[in-house]
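The block underneath contains the structure these notes are about, expressed in C-alpha cells.
2 protein chains.
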Amino acid sequence: MKRAIGVIDSGVGGLTVAYELMRQLPKEELVYVGDTLRCPYGPRPEHEVRQYTKEMIQFLMKKNIKMVVIACNTATAFALEELKNILPIPIIGVIQPGARAAIKSTKNQQIGIIGTEGTIRSNAYTTALAQINADLDVTALACPLFVPMVEKGILKGDQAEQVVMETLRPLKKTTNIDTLILGCTHYPLLGPTIQRVMGEDVNIISSSEETARETSTILEINALLYQGTREPVHHFYTTGDLDLFKKISHGIFHEEKKELPQVHIEKIDL
Amino acid sequence: MKRAIGVIDSGVGGLTVAYELMRQLPKEELVYVGDTLRCPYGPRPEHEVRQYTKEMIQFLMKKNIKMVVIACNTATAFALEELKNILPIPIIGVIQPGARAAIKSTKNQQIGIIGTEGTIRSNAYTTALAQINADLDVTALACPLFVPMVEKGILKGDQAEQVVMETLRPLKKTTNIDTLILGCTHYPLLGPTIQRVMGEDVNIISSSEETARETSTILEINALLYQGTREPVHHFYTTGDLDLFKKISHGIFHEEKKELPQVHIEKIDL
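In the order they appear, the protein sequences are chains A and B.
Under the working numbering, think of the first position of the first sequence as 4, with each following residue one higher.
Under the working numbering, think of the first position of the second sequence as 4, with each following residue one higher.
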C-alpha cells in the first residue's frame, strides 16, 4: 500500500511546501490539512497552537501516513520538539531546513530573516542558526503586511513592489547580508518581487523549497521513498471555507505546472 | 565528552567535504581518514573497495565517533547500502545529497553529472536521481583529466580553462542542462573554472557542500549536534605520504579561511 506524506498548516501558506514536495518528490502522495478555520496561529497562546497541531496530526495518523511535515512556522516553533519525542514516524518542521540552507549559502556570515511578527518574536530562526554556528551576524525583520497581501492575491506589480520595498528598506540600508531566509511559507509567492528589491547579489532561501528537500533526505535515510509506479493522488483537507481553499490551491499549483496533479479537496471538522 | 564526525575517503578528494563540514558545522570536531596509500579506488573491484571502506570505519569506530560521512563517490556507490544496515550510528555518502540538490535546483528537468570514469560507469547518480524522479533528462560525462590536474594543483589559469572547456564541450553543445552536479569531491576545487566554462545560467551543485548540509540535518534530527562551547580540534590520518597530505590539506583549508582550524595530521597503517 502506498503511504502518504502528511502535511499540516494553519491554513494555505503550507501549500507552497506542498507544491515543492510535489515538484521535488513527484512519485509521493500527500495528505494535507489546513486549519483555515482557526488561522492565523501567530497571535494564539502556545498551548493552543500545540493542541491544534496535535489535532491535525491525530487526523493524519488515521490515514496511515509515513512522515509528518509541519509546514507552518508558528507550529514548528511551538510543537516540533515535543512531537519528535512522541510520534512513531519521522517529523520535520520548516525552520531548521531554512537555517541550514542559509548557513550553506552565506559567504560573509551575514544572514537576514523575514517572517511574521510571531515567528520573528519567537526567535526560532535565530536560535536554530546559533545552535549550529555561534559566529553569525543575524538580522531579523517582521513583515506584517506580506501575508495579508498574499492572501489577497497581490503578488507582483506596483503595489506589491512598493510594500516590499518599504518593508525591506531597513535590511537593505543597514546590513550587508548576502543571504535572506523567507521565514514564512507565504513568502515564496512574493519571491521574484523580494529578489528584485534585494538585488541579485542576495541569495533568497525559501523555507518551503528547503523543507521539501529535507523531507526527501529523511524519507531516503529511513528507506521510506515510494518505489512503485502508481501515479500519486493527493488529498487536501481544510477546516474552513472550501471554495476559497480550492481557489488558492488552484492558484498555487497552476502557476507553473502545465499538468495539474490529481488533488481531491474536502472540508473537515477537527 | 565531545564526539567527532568520522569522515573517510580514498585520499585527499574528501578534504573538500571536510572543509565544508568545518564551514557549515564550525562547532563540530572531525576525524578524517584518507587511504592515500591505496588511492585511487575507482579502478578497483567492488569487494576490495568494500573491504578498504570497512577498515577505515573500524579504525574510526575506536575513536567514539557519532556519525560516518563517506566522502568518496566510489566507496559510496559500493559500500553505503551494506554499511547502513550494520552500523550502530548514522552514515551518509556523497551521491544522494548531490542528487537531491539537483532535483531541487532544476527548472527544466535537464541535469548534467560529471565525475570520474568509475563513478559515471557505476550509474550511481543516474540511479539516485531516477529513484526520486523518473522524468528527468540526465546526461552523464566522465572527466578523466580533472582529478590528475587537481592533484597537480592546476586549478585555474589557461591550462585549466583549456582542459575544462575541451572536456565539457559535449555537455555545452548537445544539451540544455540548467543544473550540473560535480560528482567527484575533487571537482569543487575547479568550481570557478567550471562555472565560467558552463556559463552563469547553469547552477553548479557541489556534492561536498550538499553532503555537509545533509550531515547537519542528520545530526540535528538524531539530537547529535554538539551543544557545548569547546573549540574543535580535528584529527586527520593518512595511510600514505605524510608531507604530501599535509601540503594538500593546507592548500584546501587555507584557500579561503583566514584562521586555520586546529588540525593534527598523522600517518597510520590500516
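Where a beta carbon is used, it is the ideal one built from N, C-alpha and C, also for glycine.
The model shown is predicted, which means the values in this text are computed figures rather than measured ones.
| Query | Result |
| --- | --- |
| I'd like the list of long-range same chain contacts for Thr56 (chain A), defined as Cβ closer than 6 Å, with 5 residues on each side in sequence excluded. | Ala78, Ala82 |
| Just the chain C side, please: which residues come within less than 7 Å of Lys5 (chain A) by C-beta, in chain order? | Among the chains of the structure shown, chain C does not appear; the protein chains present are A and B. |
| Does any residue of chain B have a CB that is nearer than 9 Å to the CB of Ile106 (chain A)? | yes |
| Can you pull out the residues from the stretch 128-140 of chain A whose beta carbon lies closer than 9 Å to at least one beta carbon of chain B? | Ala131, Gln134, Ile135, Asn136, Ala137, Asp138 |
| Counting C-beta neighbours from all protein chains within 10 Å, is the total for Gly37 (chain B) 16 or more, i.e. buried, or is it exposed? | buried |
| Please classify Asp12 (chain B) as buried or exposed, where buried requires at least 16 neighbouring CB atoms within 10 angstroms. | buried |
| Output needed for Asn136 (chain A): all residues of its chain with C-beta closer than 7 Å, excluding positions within five of it in sequence on either side, in chain order. | Ile106 |
| Taking C-beta pairs closer than 7 Å, name the residues in chain A that Ser219 (chain B) reaches, listed in chain order. | Arg103, Ile135 |
| Could you tell me which uninterrupted alpha helix (DSSP H) segments, each at least 4 residues in length, are contained entirely in the stretch 9-60 of chain B, listed from first to last along the chain? | 18-27 |
| Using only the alpha-carbon positions, how far apart do Thr178 (chain B) and Thr142 (chain B) sit? | 8 Å |
| When you check each C-beta in the stretch 47-71 of chain B against every C-beta of chain A, which residues fall closer than 7 Å? | none |
| Measuring only the C-alpha atoms, how far is Gln54 (chain A) from His257 (chain A)? | 33 Å |
| Taking 9 Å as the cut-off, decide whether the C-beta atoms of Thr196 (chain B) and Ala163 (chain B) are in contact. | yes |
| Looking only at its chain, what residues have a beta carbon closer than 8 Å to the beta carbon of Thr242 (chain B), apart from the 5 residues adjacent to it on each side? | Val36, Gly37, Asp38, Thr39, Leu40, Arg41, Lys270, Ile271, Asp272, Leu273 |
| If you draw a straight line from the alpha carbon of Glu85 (chain A) to that of Thr122 (chain B), how long is it in whole angstroms? | 42 Å |
| Could you name the residues of the stretch 201-218 of chain A whose beta carbon sits closer than 9 Å to any beta carbon of chain B, in the order they occur along the chain? | Glu212, Glu213, Ala215, Arg216, Glu217 |
| Beta strand (DSSP E) containing Leu183 (chain A): first to last residue? | 182-185 |
| When Cβ atoms are compared, which residues of the stretch 8-30 of chain B fall closer than 9 Å to chain A? | Glu23, Arg26, Gln27, Leu28, Pro29, Lys30 |
| For the beta strand (DSSP E) that Asn206 (chain A) lies in, which residues bound it at each end? | 206-209 |
| How about Ala127 (chain A) and Ile208 (chain A): are their beta carbons less than 9 Å apart? | no |
| Could you tell me the alpha carbon to alpha carbon distance between Gln165 (chain B) and Gly118 (chain B), rounded to whole angstroms? | 18 Å |
| Please list the partners that Gln99 (chain B) has in chain A, where partner means a Cβ-to-Cβ separation under 8 Å. | Thr220, Glu223 |
| Assign Leu174 (chain A) to buried or exposed, taking buried as 16 or more other Cβ atoms, counted over all protein chains shown, within 10 Å of its Cβ. | buried |
| If the cut-off is 9 Å on Cβ atoms, which residues from the stretch 227-240 of chain B count as contacting chain A, listed in chain order? | Leu228, Gln230, Thr232 |
| How would you write the range of the beta strand (DSSP E) that Glu269 (chain A) sits in, first residue to last? | 266-270 |
| Which residue from B:Met168, B:Lys159, B:Asp138, B:Leu132 puts its Cα closest to that of Cys146 (chain B)? | B:Met168 |
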